[in-house]
Amino acid sequence: SQQGEEDPQALSIQEGENATMNCSYKTSINNLQWYRQNSGRGLVHLILIRSNEREKHSGRLRVTLDTSKKSSSLLITASRAADTASYFCATEGAGGSNYKLTFGKGTLLTVNP
Amino acid sequence: DAGVTQSPTHLIKTRGQQVTLRCSPKSGHDTVSWYQQALGQGPQFIFQYYEEEERQRGNFPDRFSGHQFPNYSSELNVNALLLGDSALYLCASSLGMRWKETGGYTFGSGTRLTVV
């Protein structure tokens, strides 16, 4: 079953604008990760935020995590046409023997030149 | 530094047949996980191999089995293929000791399996 739910399912913006995607999850986590997938191929890891962190930055990416609301957001600033892809959040559950990533259904981002 | 390598890239099989997919992890990684991604969906965890043993399994039937070799590479086997097994199969590598990991998993480009 899918743990995470990304919102919106699809997002279309102009180059240079910011894109914000949200993710909600259901159970306790060790960390939450964001991945990008181009055209149904492999996933590329973007950023990992641990359960005791609230905000993290990497280049044009900013991720926030609110464990009390079980939600996260991914902000891509100054978007480019090359950012067009599907974006997935994935959670690594709490517990010493939980190693799987549980993905949401993803947000399809289209950046128009 | 090679990333995760998966083979083959594409595969067409007939219902009822068996298939083997292969994965070589990123250099330095000792753990391999397999995921199934249906069209329009997020990846679903099949299982993870560490130290040549299945460490955790997702909600998949016994028709799905795997193996990890001493060099950390891995195979995913699917028996008695069903039409519903058509999907992108992704391999991801990582360090087994997750507390050492500061980043995410490294994914391969996947094997597109079509069952007809």
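Heads up: the sequence lines are chains V and B, in that order. Start counting the first sequence at 1; every next residue gets the next number (this note's numbering). Start counting the second sequence at 1001; every next residue gets the next number (this note's numbering). Idealized CB from N, CA, C, for every residue including glycine.
{"query": "Where Leu43(V) falls: helix, strand or coil (DSSP)", "result": "strand"}
{"query": "Cutoff 9 Å: Gln2(V) Cβ touching any chain B Cβ", "result": "Model confidence at Gln2(V) stands at a pLDDT of 47, short of 50, so the residue's coordinates are unreliable; what they give is reported in the following sentence. Chain B contact via Cβ: present."}
{"query": "Collapsed DSSP secondary structure at Leu1083(B) in the structure displayed", "result": "helix"}
{"query": "Selection of the segment 1037-1058 of chain B by Cβ proximity to chain V, strictly under 7 Å", "result": "Gln1041, Gly1042, Pro1043, Phe1045, Gln1048, Arg1055, Gln1056, Gly1058"}
{"query": "Ala90(V), DSSP secondary structure in three states", "result": "strand"}
{"query": "Those runs of the beta strand (DSSP E) which lie wholly inside the segment 1012-1063 of chain B and span at least 3 residues", "result": "1019-1024, 1031-1037, 1044-1050, 1053-1057"}
{"query": "is_contact[Arg1112(B), chain V] using C-beta, thresh 9 Å", "result": "yes"}
{"query": "Chain V contact for Val1115(B) (CB, 9 Å cutoff)", "result": "no"}
{"query": "DSSP state of Ala78(V) mapped onto helix, strand, coil", "result": "coil"}
{"query": "At least three beta-carbon pairs within less than 8 Å, the segment 1067-1077 of chain B to the segment 1026-1036 of chain B", "result": "yes"}
{"query": "Whole-angstrom distance between Gly1103(B) and Ala85(V), CA atom to CA atom", "result": "21 Å"}
{"query": "Nearest-angstrom Cα separation, counted from Ser72(V) out to Thr1114(B)", "result": "34 Å"}
{"query": "Candidates Leu1081(B), His1010(B), Glu1054(B), Asp1085(B), of which the one nearest His1067(B) by Cα", "result": "Glu1054(B)"}
{"query": "Cutoff 9 Å: Val44(V) Cβ touching any chain B Cβ", "result": "yes"}
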